[in-house]
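J.:
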Amino acid sequence: MESNEYQAVPALLNMIFGYIKPMSLKCALDLGIADQISSHGQPMTLSQLHSALSLPQSKEPYLRHIMRMLTHFGFLQVQTGDSVGAEPVYDLTPMSRLVTNREGSFNYVPFVHFQLEVFKDVFHKAFLYMGDWLKQEDKETPFDMAHSCSLWEMASQNSGLNKIFNSAMVSTCSIFNDVIIKSGGEIFRGMKSLVDVGGGIGAAAKAIATNFPHVECTVLDLPHVVRGAPTDGIVKFVAGDMFNHIPMADAVMLKFVLHNWGDEACLEILKKCKEAISSTETGGKVIIVESVVGSHKAIECEETQLLFDMLMLTVHAGAERDEHEWEALFTSAGFSSYRIVRTVGYISIIEVYP
Ligand SMILES: C[S@@+](CC[C@H](N)C(=O)[O-])C[C@H]1O[C@@H](n2cnc3c(N)ncnc32)[C@H](O)[C@@H]1O
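Going by full-length UniProt numbering, the residue at position 144 of the sequence shown is 144; the numbering climbs one at a time, nothing skipped.
1. Is DSSP giving D322 helix, strand or coil here?
2. So the alpha helix (DSSP H) D144 belongs to, where does it begin and stop?
3. Give a single yes or no on whether V9 has its beta carbon closer than 8 Å to a heavy atom of ligand 1.
4. Do L31 and L116 have their CB atoms nearer than 9 Å?
5. Is the Cβ-Cβ distance between L92 and T80 less than 9 Å?
6. Enumerate in chain order the residues of its own chain whose CB-to-CB distance from M242 is below 7 Å, with the five nearest sequence positions on each side excluded.
7. Could you pull the DSSP bridge partners for L220 from this structure?
8. Per DSSP, T304 is paired with what?
9. Closer than 8 Å by C-beta to I175: which residues in its own chain qualify, once you throw out the five before and the five after it? Chain order, please.
10. So which of S47, L63 and L151 has the shortest CA-CA distance to T314?
11. Can you tell me where the beta strand (DSSP E) with S337 in it begins and where it stops?
12. With a 10 Å radius around its C-beta and 16 neighbouring C-beta atoms as the bar for buried, classify Q305 as buried or exposed.
13. Assuming contact is defined by CB atoms lying nearer than 9 Å, are I349 and V179 in contact in what I supplied?
14. Would you say the beta carbon of D221 is closer than 8 Å to some non-hydrogen atom of ligand 1?
15. In angstroms, rounded to a whole number, what distance separates the CA positions of I164 and A229?
16. For D250, which three-state DSSP category applies?
17. Alpha carbons only, please: which of R227, T231 and A249 is nearest the one belonging to E216?
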């Protein structure tokens, strides 16, 4: 064996063992490790954590292994004491703060639970079909081959899945909402009405309507989603199919919708959006919130986009797109120009003009 093959073995094993990362995260959430450190208010030693979590005495040596894994992947950080024999202490990191229920923090718990729970029974099976799907002409998606329906059809039949999916989407809205609020509303200036197409149960639309009250917000989504929407009247909800009709408004928003679809379907959606908005002179535009592949220098963002791309491919035959691919779609749908307004982490906000 050549020496570079020696090196390839751990790389191959790391790829095979990739599933152990989310399983370790699930264990951390099941035990409530991050919440425990958060409520303690300061870093904790292994023995403090073991006792606070009320684990059996015999399990203390095993807890060390999960802590080492969580620390290695940046979920926790460890500080070793200066004095000889001092026990190391474990503290939260920005990543673990995303899954602690502290006031004011972004709460990604519903999204993490959705991915872990739905992966087990639903996504994993779809991924097993990816090779077969690529070999065949006729099947729509690997998900479809595995389950004989789309994710949206499955959610419409399964109220538990529908609920966990919609809550997961709400939890990922927090970062977008924060960005638009901090931006001071430049995107919504002069706008009187906006339709959030595929807007779920309205978390983003509610943030827009609350912070920029001159914008009347409507959410269009499938009937099974709209049935679970809040009835506080801040946002108007319309149950429907974006391929049939999009209500008229100054602007249409598509937030994490187009990556669920192949190019042909995206063109149909974009053309329908173009029909629904007012002219550029009166502020008409389509606001797209998605990834722009390659626009982020950070290695984690690149990897996030790659993984999202595989997820979209497997579940929807959709895609994450780079700027050239976005531009080609906008031009084919008849738009005159576009502008990437802002990029935060792996998310970009793109304005597209008629
Ligand atoms: C990935 S989710 C994004 C939800 C929300 N925009 C967000 O960012 O949190 C995609 C949404 O598109 C909706 N959707 C799928 N097909 C649709 C259709 N034909 N018409 C309207 N909405 C649809 C789904 O129900 C879901 O709420």
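Every residue gets a Cβ at the ideal spot worked out from N, C-alpha and C, and that includes glycine.
T.: Checking against the coordinates, here is how it stands:
1. To locate residue 322, count along the sequence shown from 1; it is residue 322. Three-state DSSP puts D322 in a strand.
2. Here residue 144 is taken as the residue at index 144 of the sequence shown, counted from 1. Its alpha helix (DSSP H) spans residues P142 to H147.
3. By 1-based counting over the sequence shown, the position of residue 9 is 9. No, since every heavy atom of ligand 1 falls outside the 8 Å radius drawn around the Cβ of V9.
4. Position 31 of the sequence shown, counted from the start, is the residue given in the question as residue 31. Position 116 of the sequence shown, counted from the start, is the residue given in the question as residue 116. Cβ atoms of L31 and L116: not closer than 9 Å.
5. The residue labelled residue 92 in the question sits at position 92 within the sequence shown. The residue labelled residue 80 in the question sits at position 80 within the sequence shown. Going by C-beta atoms, L92 is not nearer than 9 Å to T80.
6. Here residue 242 refers to the residue found at position 242 when the sequence shown is read from its first residue. Only V197, G198, L220, I269 and K272 meet the Cβ criterion.
7. Counted from its first residue, the sequence shown places residue 220 at position 220. Answer is V197 and V238, bridged to L220.
8. Here the question's residue 304 lines up with position 304 in the sequence shown. DSSP, once it has assigned bridges, lists no residue as partnering T304.
9. Along the sequence shown, one-based indexing puts residue 175 at 175. Once the five neighbours on either side are set aside, the close Cβ partners of I175 are F106, V344, G345 and I347.
10. The residue you call residue 314 lines up with position 314 of the sequence shown. Nearest C-alpha to T314: L151.
11. Position 337 of the sequence shown holds residue 337. Start and end: S337 to V344.
12. Locating residue 305 in the sequence shown gives position 305, counting from the first residue. Classification of Q305: buried, given that the 10 Å Cβ count is 16 or more.
13. By one-based count along the sequence shown, residue 349 stands at place 349. By one-based count along the sequence shown, residue 179 stands at place 179. Yes, the pair counts as a contact, with Cβ atoms nearer than the cut-off.
14. In the sequence shown, counting from the first residue as 1, residue 221 sits at position 221. Checking the Cβ of D221 against ligand 1 gives yes.
15. Position 164 of the sequence shown holds residue 164. Position 229 of the sequence shown holds residue 229. Cα-Cα distance, rounded: 13 Å.
16. The sequence position of residue 250 within the sequence shown is 250, counting from 1. Three-state result, D250: coil.
17. On the sequence shown, residue 216 is found 216 positions in, with the first residue counted as 1. Among R227, T231 and A249, the Cα nearest to that of E216 is on A249.
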